[in-house]
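Novice: The sequence shown runs 222 to 379 under my numbering. We put the CB at the ideal spot given by N, CA and C, even for glycine. I'd like to ask you about the structure that follows.
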Amino acid sequence: MATLKFENASFPPAFKFVGGSFAFMDELPDAGGTFPAPGPIHPAKSNMFIQTDQGTHVHIGFKVTGWASLIMNGTWKAQVFLEKQGKSEVTTAPFVGTTAHNPGFPLPKSVNINVNIPALSEGLYRVSLMITFETNAGVKLPFAASTDIGLLTVYKAS
């Protein structure tokens with residue numbers, strides 16, 4: 222499980238990230254074949270080994286507090302980047318998940334985002350994550366988070 226690193230350049234103590242944060246992958250059941258994926262399967266945390274016929278999720282969670290979080294209205298956006306390692310190195314387009322941040326109580330506010338990733342081709346992938354915030358008026362605020370989730374091994378088992 223990865224811990225997020227946060228940037229909150231302009232607003233403390235009006236807005237701040239509090240408590241623990243997390244980002245982890247889990248595995249969906251595979252689509253069949255002679256050798257079914259051994260798991261652990263959703264909702265358990267992945268061991269970062271999946272088969273080519275399995276999809277995955279990235280689950281992200283953190284908490285925010287402060288008077289500014291009571292009046293903010295916008296969207297948290299999580300982008301998961303996968304970079305294939307080795308000779309055929311490729312970077313996929315980011316996989317994106319969003320969740321609304323609505324004004325009002327309670328404080329602290331829990332933010333949870335899920336990002337779906339479809340089945341991938343065989344290889345070793347570096348998995349990283351970036352989170353940003355944009356108001357409903359289209360203003361990007363100086364709140365950001367990132368983490369390196371780790372290496373994901375994707376293999377084919379007939």
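Since S342 and D369 are thought to touch, with beta carbons under 8 Å apart, how far apart are those beta carbons, to the nearest angstrom?
Specialist: For the purposes of this step, residue 342 is taken as residue 121 along the sequence shown, with counting starting at 1. For the purposes of this step, residue 369 is taken as residue 148 along the sequence shown, with counting starting at 1. Not confirmed; about 21 Å, so no contact.
Novice: Whose C-beta lies closer than 6 Å to the C-beta of N333 among residues of the same chain, with five residues either side of it excluded?
Specialist: Within the sequence shown, the letter at position 112 stands for residue 333. Closer than 6 Å at the Cβ level, and outside the excluded window around N333, lie G282.
Novice: Is M222 closer than 8 Å to F238 when the C-beta atoms are compared?
Specialist: Start at 1 with the first residue of the sequence shown, and residue 238 comes out as number 17. Start at 1 with the first residue of the sequence shown, and residue 222 comes out as number 1. Not closer than 8 Å, so no.
Novice: State the Cα-Cα distance for the pair L373 and A366, rounded to the nearest angstrom.
Specialist: On the sequence shown, residue 373 is found 152 positions in, with the first residue counted as 1. On the sequence shown, residue 366 is found 145 positions in, with the first residue counted as 1. Distance between the alpha carbons of L373 and A366 is about 21 Å.
Novice: Using three-state DSSP, classify L328 as helix, strand or coil.
Specialist: For the purposes of this step, residue 328 is taken as residue 107 along the sequence shown, with counting starting at 1. It is coil, neither helix nor strand.
Novice: What does the alpha-carbon distance come out to for the pair G307 and L345?
Specialist: Working through the sequence shown from its first residue, we reach residue 307 at position 86. Working through the sequence shown from its first residue, we reach residue 345 at position 124. Those two C-alpha atoms are separated by around 8 Å.
Novice: Using the Cβ count rule (16 or more neighbours within 10 Å means buried), how would you classify G295?
Specialist: Sequence index remark: in the sequence shown, residue 295 carries index 74 (1-based). Per the 10 Å Cβ criterion, buried.
Novice: Would you tell me roughly how many angstroms separate the C-alpha atoms of S267 and V301, rounded to the nearest one?
Specialist: Stepping through the sequence shown from its first residue, residue 267 is reached at position 46. Stepping through the sequence shown from its first residue, residue 301 is reached at position 80. Their Cα atoms are separated by approximately 16 Å.
Novice: In the DSSP assignment, what are the bridge partners of Q300?
Specialist: As a working note, residue 300 is residue 79 in the sequence shown. DSSP, once it has assigned bridges, lists V317, M351 as partnering Q300.
Novice: In this structure, does DSSP put A366 in helix, strand or coil?
Specialist: By one-based count along the sequence shown, residue 366 stands at place 145. In this structure, A366 counts as strand in the three-state DSSP scheme.
Novice: What whole-angstrom Cβ distance do W297 and T320 have, given they're in contact under 8 Å?
Specialist: As a first step, residue 297 is located in the sequence shown; it is residue number 76 there, counting from the start. As a first step, residue 320 is located in the sequence shown; it is residue number 99 there, counting from the start. At roughly 5 Å, the Cβ-Cβ gap stays under 8 Å, so W297 and T320 are in contact.
Novice: How close, in whole Å, do the beta carbons of F326 and L303 come, if the pair is a contact with beta carbons under 8 Å?
Specialist: Here the question's residue 326 lines up with position 105 in the sequence shown. Here the question's residue 303 lines up with position 82 in the sequence shown. F326 to L303, Cβ: 37 Å. No contact.
Novice: Three-state secondary structure (DSSP) at S242?
Specialist: Stepping through the sequence shown from its first residue, residue 242 is reached at position 21. Looking at S242 - three-state DSSP - the assignment turns out to be strand.
Novice: Evaluate A299 with the Cβ neighbour count: other Cβ atoms within 10 Å of its Cβ, from every protein chain shown; 16 or more gives buried, anything less gives exposed.
Specialist: Taking the first residue of the sequence shown as 1, we reach residue 299 at position 78. A299 is buried by the Cβ-count criterion.
Novice: What are the start and end residues of the alpha helix (DSSP H) that includes I281?
Specialist: On the sequence shown, position 60 is the one that residue 281 refers to. No alpha helix (DSSP H) contains I281, which is instead part of the beta strand (DSSP E) from 277-286.
Novice: For the beta strand (DSSP E) containing E228, list its first residue and its last residue.
Specialist: Indexing the sequence shown from 1 puts residue 228 at position 7. 226-229 is the extent of the beta strand (DSSP E) around E228.
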